[in-house]
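For the sequence shown, my numbering assigns the number 1201 to the initial residue and increments by one for each residue that follows.
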Amino acid sequence: THGDDGALLIRGAAGSTANAIFFSLNRGGSMVKPLQPSFHVVKNADQSNVAVGSNVTVVWQVESYDVGANFASNTFTAPVAGKYILTASLRVDSSDSGSSHDDMAIATSNRLYKSIYDLGGLSGDPVYWTFTINAVADMDAGDTAYVQFYQDGGTAQSDIKNDSGRTYFSGYLLG
C-alpha cells in the first residue's frame, strides 16, 4: 500500500498484525523497519567491588527498549540469523591502577569481542573510567550476547556504575 505521503508501506496480513507496518520506504529513499530486532539496556544499581580474576557478567536492570522482546536475564538472544551491531559502554569508578589490566568484552555464542585497558601507567587509581566496545557480530537464530568485565590482579574495588549516559548495552539487526 501507499501512505498519505506517497511512501511504500508493507503491512501485516489479516489477524493480530493487520495494519502493522513492517517496512516503509519514503520518496526520499529513507527506509524504516519498526519491527527490526533491537534493544538498549541500562543499569539502575551499581555493581560494587567487582571480583578480581574472573569474568563478571554485567547486570542490566532496565530496558529502554526491546523491539521483539529478545533481551532477558542480562542476555540478548538473536531471533534470526544475521549481522548484529552490538555496542557496550561501562563507567567504572575506583579502578585499581595496580591491576595488570582490565578487559571488557561482548561474549557471543560464536566469538569473544574484547578490548583491553592497562591503567597501570597512571599515577594513581582513576576516579572514573569509561570502557567501550563495538562489534559487528555474525549471529545465528538462538545465539546469545552479553557483556563481561575482567580485572587481572589488584584489589576488588572497581564499581560498575549506574550511569545511563555512560553504562549501557545496545544492539540492532543490521541485516
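By construction, the Cβ of each residue, glycine as well, lies at the ideal position given by its N, Cα and C atoms.
Note that the coordinates shown come from a computational prediction; the quantities given were computed from them, not determined experimentally.
In the DSSP assignment, aspartate 1352 forms a beta bridge with His1301. For glutamine 1236, same chain residues with a beta-carbon under 6 Å away, outside a window of 5 residues either side, are Leu1373 in chain order. Counting only residues of its own chain and dropping the five nearest sequence neighbours on each side, serine 1248 has a CB closer than 6 Å to the CB of Asp1359. In the structure shown, the three-state DSSP call for leucine 1319 is helix. Buried is the label assigned to alanine 1335, since at least 16 other Cβ atoms lie within 10 Å of its Cβ.
Considering only Gln1357, Tyr1346, Thr1367 and Arg1366, the residue with the shortest C-alpha distance to asparagine 1270 is Tyr1346. Shown here for tyrosine 1368: same chain residues with a beta carbon closer than 6 Å to its own, the five before and five after excluded, namely Val1242 and Ser1289 in chain order. The alpha carbon of serine 1364 has as its nearest neighbour, out of Ser1297, Ala1356, Ala1245 and Gln1357, the alpha carbon of Ala1245. Put simply, the backbone Cα of proline 1326 is about 9 Å away from that of valine 1292.
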